[in-house]
Each structure stands twice: as C-alpha cells, then as structure tokens.
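What follows is a short report on a single structure.
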Amino acid sequence: MFVNLVANNDKIPNVTKFYYLVGCLHADPQEVIKGFSISNESFTLAWDALIERYDKPRRLASSIIDKLISAPASNSENLAVLQTFMSVFDENITILESLQIPDLASFLLFSLAARCLPTFSRRLFEAENNEEYPSIQSVIKFVKTRIQVLENAGVQPAGSSSSKSANIKKTGFRRESKTAY
C-alpha cells in the first residue's frame, strides 16, 4: 500500500516521502534508516536499504508454506474453526500466488524436502544454489552429489555395522560400554 500511495507517486517530493516512510517504520526497519539525514536523496537511499534488507520473496514464500504446514487440524466443526481455516489458507494462498513462483508445485515439494535435511547440508545447499525458488529436482541433485562426496571420502553411514566390525577386527574384542555404575 505504501508503494502505491507514496513510493511510486511522482507528485510527492522525495523529502516528504522520507517523512512518511519514517512515520511508518518501527523496531528493526526503523534502525536500518536511522542514520539517514533529512534530504531529497534520503528517501531513495533509505528505500533501497529497506528493499535490500527486507524484500525477500523466497523467505516470505517459505514462511507461508510453514504456516500452511503447521496449521492446526480440528475435529469439531463450528464457525470459529472454519473462520480460522479461511484466514490461514485463503489469505496465505492468495499471498503465495501473488509471488508468481514459476513452478509452485516444485517449490512446495522442495520446501517439504529441505525441512528434512540436516542443518549442515541445508547450509551447503543454500551456499551453492542461486535459484530464487529452488526446485525439488535441485535439492535431490544436491543430495545425490552430497552422498557421492561422502562415500568417496570414506564416510560411513551413522550406525553402520561396518565401522563396528572394523573395530572388532582391529582389536579382537568388542569395545566395552563406558557407563559408570
């Protein structure tokens, strides 16, 4: 709304836009622009700083998907339950559709799959992937490559019997538990 009424309105001078912007901000966003002096150039600089910091459509899409996934199930049917359902699903799906994600189904599947990755693998994926909205195919390809890297490096799956067998062969006996009684 601010964009349509103020930011994109050529009839409002930039210094006035800056005053409007300052009046609309609170907490962290206000901190982003607190060092800007009042001038004709300040609005553009402040606006660009806010866009760089907060305009993250993928984060918004992921947040919406998380809300949809964690929406509570209800066993009873009443007006409040149905209104809650509508507010969660109708509003969030409208926002999700407005983001115009090129392949929404693939991004949804990516979001479900990425939640299951270990944190370290997820960080590696994010560091290597530059897609605005990653696809399920990209995360599957990444995991296949990750498996190959770990296998080539000689990393054994957690809890595999081969590492236990190697210890028995080397020492000739099983390692005793180190629990104190």
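Using the working numbering, read the sequence shown as starting at 120 and increasing by one per residue.
By construction, the Cβ of each residue, glycine as well, lies at the ideal position given by its N, Cα and C atoms.
Computed from a predicted structure; not experimentally measured.
*asked:* If you reduce the DSSP assignment to three classes, tell me which class K136 lands in.
replied: In the structure shown, K136 sits in a helix (DSSP, three-state: H, G or I).
*Report the residue from L164, D129, I152 and E210 whose alpha carbon sits nearest the alpha carbon of K186.*
E210
*Assuming W166 and L144 form a contact by the criterion Cβ under 8 Å, report the distance between their Cβ atoms to the nearest whole angstrom.*
Not quite, the Cβ-Cβ distance comes to about 11 Å (not below 8 Å), so this is no contact.
*Note down the Cα distance separating L169 from S195, rounded to an integer number of angstroms.*
Straight-line Cα distance between these residues: approximately 43 Å.
*Closest residue to T213 among V262, I184, L231 and A192 (Cα-Cα distance)*: I184
_Spatially closest choice to K136 from S161, P148 and G154, by CA coordinates_ = For the set S161, P148 and G154, the Cα lying nearest the Cα of K136 is the one of S161.
*Nearest CA to the CA of P221: which residue from F244, C235, Q267 and I255?*
I255
*State the Cα-Cα distance for the pair I266 and L223, rounded to the nearest angstrom.*
27 Å
*What first and last residue would you give for the alpha helix (DSSP H) that runs through P221?*
Segment: none, P221 is in no alpha helix (DSSP H) and carries neither H nor E.
*Could you check the C-alpha separation between P176 and N248 for me, to the nearest Å?*
Using only the alpha carbons, I get a separation of about 16 Å.
_Cβ-based burial, K297 [other Cβ within 10 Å; buried from 16]_ = Note on K297: pLDDT 48, under 50, position unreliable in the model; no value is reported.
*Which value, in whole angstroms, describes the spacing of the CA atoms of N133 and S193?*
50 Å
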